[in-house]
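Working notes, beginning with the structure itself.
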Amino acid sequence: MAVLLVLLCIPLSVALEVNLMNTKLETSDLKWTVYPKDDPQWDEMSGLDEEQTPVRTYEICNVHLSGQNNWLRTNYIRRGPARYVYVELTFTVLECASLERAGRSCKETFNLYYYPSSTDLANDHFPPWMENPWIKVDTVAADFLGRRGARGVSTRPNVKTLRLSGLTGAGFYLGFQDQGACMALLAVRVFYRVCPSVVASLARFPETVSEGLVVSAEGNCVDGAEGSMGRRPTMYCREDGEWAKPAAGECVCMAGREEKEGRTKCTACLMGTFKPTVGDMPCQPCPLNSLTAAPGATVCNCKTGHFRAPADPATDSCTTPPLAPRSIVAHVNGSVVDLDWSEPLDSGGRGDLYYEVQCLECAVNAQCIPCTRLTFSPRPNRLLERKLRVSGLRPRMTYNFRVLALNGVSERSGIGAMGEELNVTTDRDVPLPVSGIQQMAATDTSLYLRWAPPPPPNQPKGNILDYEVKYYEKDQEKPLIMFLKTTASEARLVGLRAGTLYVVQVRARTEAGYGAFSGDALFQTLSHDPEKAQPQVALIAGTAGVGTLLVIAVIIVAIVCVRKHAINKETEYSDKPPQYLIGHNAKLYIDPFTYEDPNEAVREFAKEIDVSYVKIEEVIGAGEFGEVCRGRLKVPGKKENYVAIKTLKGGYTERQRREFLSEASIMGQFQHPNIIHLEGVITNNCPVMIITEYMENGALDSFLRLNDGQFTPIQLVGMLRGIASGMRYLAEMNYVHRDLAARNILVNSNLVCKVSDFGLSRFLQEGSTDPTYTSCLVRE
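Under mature numbering (1 follows the signal peptide of the UniProt record, and there is no 0), read the sequence shown as residues -15 to -1, 1 to 765, first letter to last.
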């Protein structure tokens, strides 16, 4: 399918024409071959053109004779690199009615032929002077006919340009056949068109010979740029020798470089600016507390004393470690101390501040050692809150706590974390930890334990008041912790599970508070007695019976609800208004042509998209109003997506623009997974565009033919259900599609079918006789 490119309002460059032959530039006789040789009718003559420059012409005028067959053949013309060449003819023809001697066989036209050949092999007899083997280009008629009157001959030159296509040999001959015209061949120019070398979209494209309607040319990225998505940039050279906008692939500036001079150069970022990644974004100023050492920076280095964490992006400011925490306070209760503190005066400019607590245990007249037998809640490191509970402190000990403030750059700075210290001395009357817990008896649901009291501290507050027992199941990921208090040095744990291992800890309390918990002691309950298993079985059976009753109850309730709904449901022939039947929250379709100003409908139902968010990649089809392209839509803050882009070709009328955008006004009212989704419109730039979601597999009819026999019945039924769902939605919206056909169903990469093409109803309403409205959203 021929693809016409009308993507630019202004051409990228001026077309070049390379002459293969131009008789206006000849200064001597042309000496072309004529037929018949014995009685030549074509006369080579000298004359002056409109600029009074001497030129060589050929004339003939045998209008009084019938059966004329006069040929004129050019010399051999080498075609060079061109497969499509153009012949520009400048000529005059006299009107037969103004000639006195003109007979009935007088002509006002002549024929142009060409004969391809790999070598210059023509002579007086070859190729033969007949239509075959010559290839006819056209019968040339004059737009302006000259007249011969009493005052002489009045003529006006005609200029015609004809195309020779598909040339394969090294060259060709041109042949002119006269069959009874009175004419003069003033000039013949043979040329081909070339799209000149150009730099566009950060790519350099070479000089390219135009071939037919369009020909693609691959370019190379300019210095400082590289290809995007692994594809080389491509441009289309049009038939008129002008470039169209890049259609596939793209070049983007490397890191440290930005686009300049209309996307023709990638220049290095200036001092004090940087660009961290490849892309079309501009260079940006260095973040706070950073600088560059040279132009073209991809990252700004931190100033002395400032740092970035390993996970910090290059766009983040450089920061410093925090200052020390302030005002550490300790609240001691027996063997437990609660620490809290205030945040540093300076967190270093970061939001990832955390704390660590270091602990040393110092006995009287002894060296301090790290605390290894204490319990920290929640933990001593990576603390986000400014508090910590420490349990298990021993009596008559001094504990040194140091709280450190850190952030993400503390380790990179090489400077030790700043902290504040606090010493805590425990009461001498706090009891020592309990030891020697023993199991005296056990059943399947209980444990009987006993332990020896800790030695008294021989102080006024040293008498044991009671004990606290903590116990829980050992193999549980998140065990349920239970506590029991007793005044004696023994305890009975009841309500336990049979055959289960339990962890038990005990601590004593005096008037000075609780001492530390003992170490973990492990005890296991007995297994079930077989005779005692019957109540458990009965309980399970009873539970199953209750479950059965619940299921039956649920079924009965469901049946009642369904019957009640069926009784209350409105019938199809209800006399209630349509809007009541549809529902209070349903939306109805609004015809955009009912608006006094149709542009208002576009503004109401279609979102205007900034043209800078859209990048056209390639032309994939042609629609009623212009080209259809594939591109990418990147809205700030959202993920980049492929889209289909319908363009309105230049030279449109206001009515055509209104009709083009009316389809967007229709699509914008629909929101359904089986209806083609409208992304938005671009109406403030040239060309005007409609942006929709991109459907990778194109139209359903061509997709099924291409993949005949490759789908299972389930897949085909799923596609049909999607189409039915979309059409049902349109019906509920009170919209009639009028042209449901496989060609108007689009298929994406997941085989989801979506209804498209909402322009036919407009033609039918206007009474058009054309039953088909063509739209190619993604048809390639």
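Where a beta carbon is used, it is the ideal one built from N, C-alpha and C, also for glycine. Just so it is clear, the structure is predicted and the values come from calculations on it, not from any experiment.
Checklist line | Nonlocal neighbours in the same chain, by C-beta distance under 6 Å from residue 825, ignoring five residues either side | finding: Past the boundaries of the shown model lies residue 825; the chain is included only from -15 to 765, so the question cannot be answered.
Notebook entry, point to check: Which residues in the same chain as PRO191 place their Cβ atom closer than 6 Å to its Cβ, once the five residues preceding and following it in sequence are excluded?
Noted result: SER182
Next item on the list: Sort GLU603, LEU646, GLY377 by Cα distance to VAL491 and report the nearest one.
Entry: GLY377
Check: How is the beta strand (DSSP E) around SER332 delimited, first residue to last?
Finding: Segment: none, SER332 is in no beta strand (DSSP E) and carries neither H nor E.
Check: Does DSSP put GLU196 in a helix, in a strand, or in coil?
Finding: coil
Item checked: Rounded straight-line distance, which links the Cα of GLU396 to that of ARG615 -> 49 Å
Next item on the list: For the alpha helix (DSSP H) holding GLY703, just list the boundary residues, first then last.
Entry: Note, GLY703: alpha helix (DSSP H), 698 to 717.
Item checked: Endpoints, beta strand (DSSP E) assigned at ARG690 -> That residue, ARG690, is in no beta strand (DSSP E); its alpha helix (DSSP H) goes 685 to 691.
Note to self: If the criterion is Cβ atoms closer than 7 Å, does the pair LEU432 and ARG494 meet it?
What the structure shows: no
Check: So, are the CB atoms of CYS238 and GLY257 less than 7 Å apart?
Finding: no
Next item on the list: Measure the CB-CB distance between SER320 and GLY484 and report whether it falls below 7 Å.
Entry: Taking the C-beta atoms as reference points, GLY484 is found no nearer than 7 Å to SER320.
Check: How would you call residue 766, buried or exposed, if buried means at least 16 neighbouring beta carbons within 10 angstroms?
Finding: Within the shown structure, residues of the chain are numbered from -15 to 765, placing residue 766 beyond reach of any answer.
Item checked: Alpha-carbon spacing of ILE354 relative to CYS347, whole angstroms -> 7 Å
Check: Between the stretch 21 to 33 and the stretch 196 to 216, are three or more C-beta pairs nearer than 8 Å?
Finding: no
Next item on the list: Please name the residue or residues paired with THR283 in a DSSP beta bridge.
Entry: DSSP output for THR283 lists no bridge partner at all.
Notebook entry, point to check: For PHE610, which beta-bridge partners are listed by DSSP?
Noted result: DSSP lists no partner for PHE610.
Check: Which whole-angstrom value is the C-beta distance of VAL122 and LEU84, which I expect to be below 8 Å?
Finding: In this structure VAL122 does not touch LEU84 by the C-beta definition: roughly 27 Å separates them, more than the 8 Å allowed.
Margin query: Can you tell me whether ASN584 sits near the ligand GDP, meaning its C-beta is under 6 Å from at least one heavy atom of the ligand?
Written below: With respect to small molecules bound, the structure shown includes none, and the ligand GDP cannot be examined in it.
Note to self: Restricting to Cα atoms, I'd like to know which of ALA188, PRO438, GLY209, ALA210 is closest to GLU203.
What the structure shows: ALA188
Next item on the list: Flag this pair as touching only if the stretch 677 to 690 and the stretch 715 to 733 have three or more C-beta atom pairs under 8 Å; answer yes or no.
Entry: yes
Next item on the list: Kindly indicate which three-state DSSP category TYR637 falls into: helix, strand or coil?
Entry: coil
Next item on the list: Could you say which of GLU664, ILE630, ARG642 lies nearest to TYR620 if we only look at CA atoms?
Entry: A small fix is needed here, since residue 620 is Val in this sequence, not Tyr. Cα-wise, what sits closest to VAL620 is GLU664.
Next item on the list: Kindly indicate which residue of ALA506, ALA437, ALA427 has the alpha-carbon position closest to the one of LYS455.
Entry: ALA506
Next item on the list: Could you tell me whether the Cβ atoms of LEU633 and ASN626 are closer together than 7 Å?
Entry: no
Check: Is the beta carbon of ALA254 sitting closer than 7 Å to the one on ALA282?
Finding: Sequence check: residue 254 is Cys here, not Ala. In this structure, ALA282 lies closer than 7 Å to CYS254 by Cβ.
Item checked: Nearest candidate by alpha-carbon position, reference PRO66, set ASN143, ARG178, VAL144 -> Of the candidates ASN143, ARG178, VAL144, the one whose C-alpha sits nearest the C-alpha of PRO66 is ARG178.
Check: Excluding sequence positions up to five away, which residues of its chain have a Cβ less than 6 Å from the Cβ of LYS600?
Finding: The beta carbon of LYS600 is closer than 6 Å to those of GLY616, ARG617 in its chain, skipping five residues each way along the sequence.
Check: Can you tell which of ILE400, LYS624, GLN164 has its C-alpha closest to the C-alpha of THR305?
Finding: Closest option to THR305, Cα to Cα, is ILE400.
Next item on the list: Taking the CB atoms as reference points, tell me whether LEU481 and THR430 lie closer together than 7 Å.
Entry: yes
Note to self: Mapping the DSSP letters down to three states, classify ILE660 as helix, strand or coil.
What the structure shows: strand
Next item on the list: Check each candidate in ASP14, GLY498, ALA427 and name the one with the smallest Cα separation from GLN509.
Entry: Minimum Cα distance to GLN509 is reached at ALA427.
Notebook entry, point to check: So, helix, strand or coil for VAL596, using DSSP?
Noted result: helix
Checklist line | Closest by C-alpha distance to GLN641, when choosing among THR77, ALA649, PHE610 | finding: PHE610
Notebook entry, point to check: ASN316 bridges to which residues according to DSSP?
Noted result: According to the sequence shown, residue 316 is His rather than Asn. Secondary-structure assignment with DSSP links HIS316 through a beta bridge to ASP323.
Item checked: Spatial neighbours of ASN205 in its chain, beta-carbon cut-off 6 Å, leaving aside the 5 residues before and after -> ARG189
Notebook entry, point to check: So, GLY711 versus HIS657, is the Cβ gap smaller than 7 Å?
Noted result: yes
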